[in-house]
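Last residue of the sequence shown: 200 (the UniProt record's numbering), numbering continuous.
Even glycine gets a Cβ: it sits at the ideal position worked out from N, Cα and C.
All remarks here apply to the structure that follows.
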Amino acid sequence: MTVQNHPPLDDAALDALFRTARTHNSFKDEPVSEVTLRALFELVKMGPTSANGLPGRFVFVTSKEGKAKLEPALSATNREKTLKAPVTVIVAHDPEWHENLPRFFPHADAKSWFAGNDALIAETAFRNGTLMGGYLILAARALGLDTGAMSGFDKAKVDAAFFPDGKLKSNFLINLGYGDGQKMFDRLPRPDFDEFCKIV
Numbered sequence: 001m002t003v004q005n006h007p008p009l010d011d012a013a014l015d016a017l018f019r020t021a022r023t024h025n026s027f028k029d030e031p032v033s034e035v036t037l038r039a040l041f042e043l044v045k046m047g048p049t050s051a052n053g054l055p056g057r058f059v060f061v062t063s064k065e066g067k068a069k070l071e072p073a074l075s076a077t078n079r080e081k082t083l084k085a086p087v088t089v090i091v092a093h094d095p096e097w098h099e100n101l102p103r104f105f106p107h108a109d110a111k112s113w114f115a116g117n118d119a120l121i122a123e124t125a126f127r128n129g130t131l132m133g134g135y136l137i138l139a140a141r142a143l144g145l146d147t148g149a150m151s152g153f154d155k156a157k158v159d160a161a162f163f164p165d166g167k168l169k170s171n172f173l174i175n176l177g178y179g180d181g182q183k184m185f186d187r188l189p190r191p192d193f194d195e196f197c198k199i200v
């Protein structure tokens, strides 16, 4: 299979993904369709993960019942905006993700690379599940959605409410919808290249 290189994205695309995209704390009262959520995952799953392990799992909380289950786990500062958001995504990972490697990485015995190394399995699950959450933010922006990621919640309570069998572990939350651009903070500072980076 030959994969062709592509030209750089134009300024409009770079603005939508990065330069003018913002973290939103308030969303319009406009639902996000199941079709859009499915299209979102179709993009997310194409992002690279270690050995194509795909440990990320996503729960799209859209119903009043789902938000009621989520509410006790939310910090005070995140409660109101999360309950009002059309969708809250629980970004989680599967601690047993490596069991799927024969399916997702069939051209080598990738499962054996992790055999007996619980620390590596857990570290890889967390790192790559987090990556997939990052892909979700960019994919959402690419589809015209806005996001507000946050970690201000009680993971143990979320896991007990949504993953009582212990098979998944929550990582962070992302509010999702169509942002209310009238209720934005000023953009926060960003560093210059030389402050955070070097070329060796």
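- What residue does the beta strand (DSSP E) around F58 start on, and which one ends it? For this step, residue 58 is matched to residue 58 along the sequence shown. G56 to V61 is the extent of the beta strand (DSSP E) around F58.
- Given H98, which residues of its chain have a CB within under 7 Å of its CB, disregarding the five upstream and five downstream residues? By one-based count along the sequence shown, residue 98 stands at place 98. Excluding residues within five positions, the ones whose Cβ falls inside 7 Å are G53, K111, F114 and I121.
- Message: Per DSSP, what are the beta-bridge partners of V3 in this structure?
- Response: Along the sequence shown, one-based indexing puts residue 3 at 3. Paired residue(s): none; V3 is not in a bridge.
- Going by CA-CA distance only, name the one from P55, F162 and T77 that's closest to E96. Counting from one through the sequence shown, the residue named residue 96 turns up at place 96. With distances taken between Cα atoms, E96 lies closest to P55.
- In chain order, each alpha helix (DSSP H) run of at least 4 residues that lies wholly inside the UniProt domain "Nitroreductase" (21-165): 34-44, 64-70, 76-84, 101-104, 118-142 and 155-162
- Message: For G179, list the residues DSSP reports as bridge partners.
- Response: Counting from one through the sequence shown, the residue named residue 179 turns up at place 179. F27.
- Using alpha carbons as the reference points, say which of R187, K183, D194 and G179 lies closest to D29. In the sequence shown, counting from the first residue as 1, residue 29 sits at position 29. With distances taken between Cα atoms, D29 lies closest to G179.
- Query: Is it right to say P48 is buried, meaning 16 or more other beta carbons lie within 10 angstroms of its own, or is it exposed?
  - Reply: Residue 48 sits at position 48 when you count from the first residue of the sequence shown. Counting of Cβ neighbours within 10 angstroms places P48 among the exposed residues, the total staying below 16.
- Task: Can you give me the Cβ contacts of K67 inside the same chain, cut-off strictly under 8 Å, excluding the 5 residues immediately before and after it?
- Result: Position 67 of the sequence shown holds residue 67. Excluding positions up to five away in sequence, the list reads V61, T82, L83 and T88.
- Query: Got a sec? Which residues, its chain only, sit under 6 Å from A139 by beta carbon, not counting five neighbours each side?
  - Reply: Position 139 of the sequence shown, counted from the start, is the residue given in the question as residue 139. Only L40, L43 and V44 meet the Cβ criterion.
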